[in-house]
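**Q**
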Amino acid sequence: MPSPLPYPDRWSLDSWFSAFAAPDYVAFKATLAQDIETLKSQASALGSEVTEIVRVINTTEALGDRMGHLSAFLGCLSADDANNEAVKSDEAWIATLHAESTKLQASLQSALAALTDASFDAVLANPSLKHAEYAVKRMREEGRHQMKAEMEALAADLNVNGLHAWGRLYDTLTGKMEFPMTFPDGHTETVPMSRRRALMSEPDRKLREAAFHAGQKPFVDHEVTLAASLNGIAGTRLSLYGHRGLPHFLDTPLFDGGMSRASLDAMLEAIHTHIELPRRALRKAAKLQGTSALHFYDLEAPQIAAPDEKTLSWDDACATVDRAFSAAYPALGQYFRDMLKQRWIEAQPRAGKRPGAFCTGSEWKHEERVYMTFHGTVHDMVTLAHEVGHAWHSCVLRPARSYASSYPMTLAETASNFGEMILLSGLMSDSNMTPEMKAYLLDQEMLRAHAYLINIPMRYEFEKAFYTEHAAGEVSVTRLRELMNEAQSKLYGDTLLPEGTDPMFWASKMHFFITEVSFYNFPYVFGYLLSQALFARFQAEGPSFLPRYESFLAATGSASCEAVARQTLGADLTSPDFWATALRAIEPTLEAYEKV
Ligand SMILES: [Zn+2]
Numbered sequence: 000m001p002s003p004l005p006y007p008d009r010w011s012l013d014s015w016f017s018a019f020a021a022p023d024y025v026a027f028k029a030t031l032a033q034d035i036e037t038l039k040s041q042a043s044a045l046g047s048e049v050t051e052i053v054r055v056i057n058t059t060e061a062l063g064d065r066m067g068h069l070s071a072f073l074g075c076l077s078a079d080d081a082n083n084e085a086v087k088s089d090e091a092w093i094a095t096l097h098a099e100s101t102k103l104q105a106s107l108q109s110a111l112a113a114l115t116d117a118s119f120d121a122v123l124a125n126p127s128l129k130h131a132e133y134a135v136k137r138m139r140e141e142g143r144h145q146m147k148a149e150m151e152a153l154a155a156d157l158n159v160n161g162l163h164a165w166g167r168l169y170d171t172l173t174g175k176m177e178f179p180m181t182f183p184d185g186h187t188e189t190v191p192m193s194r195r196r197a198l199m200s201e202p203d204r205k206l207r208e209a210a211f212h213a214g215q216k217p218f219v220d221h222e223v224t225l226a227a228s229l230n231g232i233a234g235t236r237l238s239l240y241g242h243r244g245l246p247h248f249l250d251t252p253l254f255d256g257g258m259s260r261a262s263l264d265a266m267l268e269a270i271h272t273h274i275e276l277p278r279r280a281l282r283k284a285a286k287l288q289g290t291s292a293l294h295f296y297d298l299e300a301p302q303i304a305a306p307d308e309k310t311l312s313w314d315d316a317c318a319t320v321d322r323a324f325s326a327a328y329p330a331l332g333q334y335f336r337d338m339l340k341q342r343w344i345e346a347q348p349r350a351g352k353r354p355g356a357f358c359t360g361s362e363w364k365h366e367e368r369v370y371m372t373f374h375g376t377v378h379d380m381v382t383l384a385h386e387v388g389h390a391w392h393s394c395v396l397r398p399a400r401s402y403a404s405s406y407p408m409t410l411a412e413t414a415s416n417f418g419e420m421i422l423l424s425g426l427m428s429d430s431n432m433t434p435e436m437k438a439y440l441l442d443q444e445m446l447r448a449h450a451y452l453i454n455i456p457m458r459y460e461f462e463k464a465f466y467t468e469h470a471a472g473e474v475s476v477t478r479l480r481e482l483m484n485e486a487q488s489k490l491y492g493d494t495l496l497p498e499g500t501d502p503m504f505w506a507s508k509m510h511f512f513i514t515e516v517s518f519y520n521f522p523y524v525f526g527y528l529l530s531q532a533l534f535a536r537f538q539a540e541g542p543s544f545l546p547r548y549e550s551f552l553a554a555t556g557s558a559s560c561e562a563v564a565r566q567t568l569g570a571d572l573t574s575p576d577f578w579a580t581a582l583r584a585i586e587p588t589l590e591a592y593e594k595v
């Protein structure tokens with residue numbers, strides 16, 4: 000039964016610390032810093048003594064929980080009150096603590112890598128490491144791909160002014176970019192680059208066209224610098240991979256994603272074979288706007304406007320999510336109501352809050368929190384369902400130890416997308432929803448399908464071609480433009496107008512310049528398709544599927560993606576057939592969209 004109105008829209012962090020800078024908080028900080036320092040020196044002195052290694056592994060886990068607890072608390076406070084300088088300063092402090100803990104982990108990893116197989120087996124067999132085997136094996140694997148400690152330390156120091164400096168150059172240069180733009184009504188304005196994307200998502204096509212062309216100029220003006228930055232980032236990575244004994248540039252992103260090359264190739268093969276499915280959504284979009292095909296500036300624009308949304312209150316949104324969850328998945332509905340009751344959700348519109356939404360939590364307290372700002376749109380309601388889906392994933396993982404509960408980016412979006420899809424299918428079958436609202440939701444769904452099945456795979460194709468060519472040296476601006484056009488033609492085919500490609504997308508897409516992770520693209524496609532496959536099975540099998548869904552979520556931190564899918568779903572991720580079935584799951588929505 001839904002809980003009585005109203006639903007609280009303000010969270011409480013009181014169970015974490017009595018207050019920021021209160022005595023319990025100050026004492027927690029001091030002991031944590033002290034304990035990390037002690038453990039760091041113990042880890043750097045590790046030899047091959049099994050009991051001592053086991054002790055350090057377990058202590059590291061417990062320290063990680065405490066550090067995560069404090070980080071999550073500070074993250075919540077700083078989002079909630081973006082101008083609080085005392086919180087900001089503690090956030091900077093904890094970033095240095097994270098750096099210390101990275102060094103600690105590096106020592107532990109190299110100690111594990113240096114062990115003989117027999118000693119390592121003895122570590123794994125220690126009863127205190129039960130259910131931590133997967134995490135400990137990954138530590139050893141990482142240790143095996145490290146250079147000598149002093150070389151890693153030198154690389155980390157040089158990266159500050161090398162690799163990461165290229166990324167900062169990109170951020171600084173593009174952060175200052177602005178361009179004069181003539182709006183469709185004839186007035187001219189200087190527009191900051193940060194507004195360009197929003198303008199290109201506007202329903203008015205003339206406005207999108209103007210923003211695209213005017214906003215292209217600063218990237219062209221700076222293309223030589225931007226190409227140097229992109230080449231510098233790739234070149235540094237390739238050198239480091241070589242010294243670490245990693246033969247392929249995909250090895251690291253695949254390891255981070257906890258997946259194999261065979262799964263990645265199978266997924267891409269299925270996408271290319273079934274590319275006509277998501278392309279159909281773009282053909283329909285072109286038809287709706289009355290053109291023969293789309294331009295790049297049409298791709299993120301809704302073709303069906305949101306009906307008047309102003310009427311959606313927080314209470315209505317919560318009641319709607321509650322109804323959809325409770326009807327399809329009662330345990331999730333109950334959890335959502337508990338979250339509200341315990342004040343674990345922050346949604347109040349208020350000045351000084353940071354934009355965006357996230358789910359966080361404390362493994363030390365076994366509690367979750369959701370952060371967002373509710374402005375009364377359907378989009379915000381979908382965000383709520385998305386973030387509560389993430390929180391549910393953590394809730395299912397609560398009984399697991401921390402070493403068995405951290406999951407890779409590839410598996411991170413499964414539960415959130417699942418939550419979103421429950422809400423959306425609830426809305427589509429809701430007789431109170433107007434046909435206009437349903438058409439709007441279908442259009443939004445197809446925008447997502449395009450992003451995950453065409454646009455992001457296009458970014459992967461480009462990045463892969465770029466890294467392949469970079470092995471032979473710097474890639475010129477002309478060649479970058481060509482590679483970008485080739486990737487777009489390959490994925491979009493004739494759904495883009497002949498003059499509709501964006502050869503400068505390599506420069507305007509910030510993701511290519513993130514220095515912490517490479518290939519910030521295929522894990523998203525993987526997560527999207529996997530959640531489509533899971534939801535399709537839920538629809539086909541009904542509630543009897545839910546226990547298997549939960550065992551899937553519970554296993555996400557203790558095995559590779561392939562093993563989790565095989566053990567809990569009987570699915571083979573290395574088979575293109577699995578991915579083809581996942582792709583075909585969008586077909587009913589696509590067909591409904593085509594009828595709009
Ligand atoms: Zn998410």
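To convert, note that position 316 of the sequence shown is 315 in this note's numbering; the numbers rise steadily by one, no gaps.
Note that beta-carbon positions come from the ideal geometry of N, C-alpha and C, so glycine has one too.
None of the values given here were measured: they were computed from a predicted structure.
1) Could you check if Ser-291 is buried or exposed, using at least 16 other CB atoms within 10 Å of its CB as the buried criterion?
2) Under a criterion of Cβ closer than 6 Å to any non-hydrogen atom of ligand 1, which residues qualify, in chain order?
3) Below 7 Å CB to CB, which residues in the same chain sit around Ala-71 once its five sequence neighbours on both sides are set aside?
4) Given that a residue counts as buried once 16 or more other Cβ atoms are within 10 Å of its Cβ, and exposed if not, what is Lys-594?
5) Let's see if you can read the secondary structure: which residues bound the alpha helix (DSSP H) around Pro-522?
6) By how many angstroms is the C-alpha of Ala-438 removed from the C-alpha of Leu-589?
7) Would you mind listing the alpha helix (DSSP H) stretches within the region 292-349 that are 4+ residues and don't spill past its ends, in chain order?
8) DSSP three-state label for Leu-12, please.
9) Determine the direct distance from the alpha carbon of Gln-566 to that of Val-49, and round the result to whole angstroms.
10) Helix, strand or coil for Ser-401, going by three-state DSSP, please let me know.
11) Could you tell me the distance, in whole angstroms, from the CA atom of Trp-578 to the CA atom of Ser-118?
12) Where does the unbroken alpha helix (DSSP H) through Phe-248 begin, and where does it stop?
13) Nearest to Leu-62 by CA position, among Gln-33, Gly-556 and Ser-43, is which residue?
14) Going by DSSP, name the residue or residues bridged to Phe-178.
15) Mapping the DSSP letters down to three states, classify Leu-157 as helix, strand or coil.
16) Please classify Asn-431 as buried or exposed, where buried requires at least 16 other C-beta atoms within 10 Å of its C-beta.
17) Are the beta-carbon atoms belonging to Tyr-402 and Glu-60 less than 7 Å from one another?
18) Which first and last residues belong to the alpha helix (DSSP H) in which Ser-100 is found?
19) With the cut-off set at 7 Å, would you say Ile-344 and Trp-92 are in Cβ contact?
20) Verify whether the separation of the beta carbon atoms of Tyr-6 and Ser-557 is less than 7 Å.
21) Do Ser-100 and Trp-165 have their CB atoms nearer than 7 Å?
22) Starting from Phe-357, follow its DSSP beta bridges and name the residues at the other end.
23) Report back the beta-carbon spacing between Phe-19 and Leu-76 to the nearest angstrom; my notes put them in contact at under 8 Å.
24) Straight-line CA distance for Leu-441 to Tyr-527?
25) Classify Leu-572 as helix, strand or coil using the three-state DSSP reduction.
26) Short of 6 Å in beta carbon distance, which residues of its chain neighbour Met-509, apart from the five on each side in sequence? Order them along the chain.
27) Roughly how many angstroms separate the alpha carbons of Thr-477 and Tyr-169, rounded to a whole number?
28) Please name the residue in Leu-114, Ser-127, Ala-94 and Leu-172 whose C-alpha comes closest to that of Arg-54.
29) Go through its chain and collect everything with a Cβ distance to Glu-90's Cβ below 7 Å, but skip five positions before and after it.
30) Under the three-state reduction of DSSP, which class applies to Leu-45: helix, strand or coil?
31) Spatial neighbours of Gly-214 within its chain, please: C-beta separation below 7 Å, excluding the five flanking residues on both sides.
32) I need the DSSP call for Leu-496, collapsed to helix, strand or coil.
33) Suppose you measure from the CA of Asn-454 to the CA of Tyr-523; what does that come to, to the nearest Å?
34) Going by DSSP, what residue range makes up the alpha helix (DSSP H) through Val-476?
35) Taking 6 Å as the cut-off, is the beta-carbon of Phe-537 closer than that to any non-hydrogen atom of ligand 2?
36) Pairs of beta-carbons, one from the region 372-392 and one from the region 407-424, closer than 8 Å: are there three or more?
**A** Here's the rundown:
1) exposed
2) Listed by chain position, these are His-385, His-389, Glu-412 and Ser-415.
3) Thr-359, Gly-360 and Ser-361
4) exposed
5) 521-540
6) Cα to Cα, Leu-589 sits roughly 11 Å from Ala-438.
7) 313-327 and 329-340
8) coil
9) 31 Å
10) helix
11) Whole-angstrom Cα-Cα distance: 40 Å.
12) That residue, Phe-248, is in no alpha helix (DSSP H); it is neither H nor E in DSSP.
13) Gln-33
14) Val-190
15) helix
16) By the 10 Å Cβ count, Asn-431 comes out exposed.
17) In this structure, Glu-60 lies closer than 7 Å to Tyr-402 by Cβ.
18) That run of the alpha helix (DSSP H) goes 84-113.
19) no
20) At a Cβ-Cβ threshold of 7 Å, Tyr-6 and Ser-557 do not count as neighbours.
21) no
22) Tyr-370
23) 6 Å
24) The straight-line gap from Cα to Cα measures roughly 17 Å.
25) coil
26) none
27) 19 Å
28) Nearest C-alpha to Arg-54: Ser-127.
29) Leu-73 and Ser-77
30) coil
31) Phe-178, Met-192 and Arg-195
32) coil
33) 11 Å
34) 476-491
35) Ligands present in the displayed structure are limited to ligand 1, and ligand 2 is not among them.
36) yes
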